[in-house]
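In my numbering, the protein residues as written are 31 to 171.
Glycine included, each C-beta is placed from N, C-alpha and C at the ideal position.
(1) So which of 124, 92, 144, 88 has the shortest CA-CA distance to residue 115?
(2) Straight-line CA distance for residue 97 to residue 131?
(3) Is the distance from the Cβ of residue 142 to the Cβ of residue 91 below 8 Å?
(4) Buried or exposed, going by whether 16 or more other CB atoms sit within 10 Å of the CB of residue 163?
(5) When you compare each of 74, 128, 103 to residue 161 by their alpha carbons, which one comes out closest?
(6) Are the region 61 to 77 and the region 117 to 133 touching, with three or more C-beta to C-beta distances below 8 Å?
(7) Return the chain-ordered ranges of every alpha helix (DSSP H) run that is complete within the region 39 to 118 and spans a minimum of 4 residues.
(8) Please determine if the region 40 to 54 and the region 77 to 94 are in contact, where contact requires at least 3 C-beta pairs separated by less than 8 Å.
(9) What number of angstroms, rounded off, separates the C-alpha of residue 127 from the C-alpha of residue 149?
(10) Have a look at residue 83 and residue 108 and give me their C-alpha separation to the nearest angstrom.
(11) Starting from residue 123, follow the alpha helix (DSSP H) in both directions and report where the run begins and ends.
(12) So residue 136 is in the alpha helix (DSSP H); what residue range does that whole segment cover?
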């Protein structure tokens with residue numbers, strides 16, 4: 031049976047892994063490279079170009095840094111969950127990007143978005159654990 035310490039480290043490493051993903055994706059947008067441009071444009075066109083893309087990239091980068099450094103955990107996780115929920119809008123606004131030839135056959139873009147369920151649930155698991163174990167809110171691990 032795993033010790034509580036192993037579980038604590040697993041939760042912390044999950045938080046850091048999600049942080050790396052967000053930091054990386056945000057940094058790409060800030061550098062002017064947005065591999066998910068079509069998905070963003072289909073969901074929230076105002077976030078796909080210019081200042082909107084910079085805002086989105088900055089937000090993702092900040093979420094990533096906050097997760098990695100374990101700062102402002104409740105706020106960070108709330109923003110993380112809202113951000114990920116927003117990504118599912120494309121299933122309503124542009125299902126043709128998500129499915130081909132139709133439901134339930136996911137495209138690569140559809141797979142990219144649907145994997146956000148695992149990121150969202152990972153974020154929920156981390157914050158629920160850390161709220162119940164406040165000493166984890168101190169430091170990286």
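For this structure:
(1) The shortest Cα separation from residue 115 among 124, 92, 144, 88 belongs to 144.
(2) One C-alpha to the other measures close to 38 Å.
(3) No. Outside cutoff.
(4) That one is exposed.
(5) Of the candidates 74, 128, 103, 103 places its Cα closest to the Cα of residue 161.
(6) The region 61 to 77, when compared against the region 117 to 133, does touch it at the 8 Å Cβ threshold.
(7) Runs of the alpha helix (DSSP H) inside the region 39 to 118: 67 to 73, 80 to 99, 103 to 117.
(8) Taking 8 Å as the limit for Cβ pairs, the verdict is that the region 77 to 94 does touch the region 40 to 54.
(9) Cα to Cα, residue 127 sits roughly 21 Å from residue 149.
(10) In a straight line, the C-alpha of residue 83 is about 21 Å away from that of residue 108.
(11) Run containing residue 123: 120 to 123, per the alpha helix (DSSP H) assignment.
(12) Segment: none, residue 136 is in no alpha helix (DSSP H) and carries neither H nor E.
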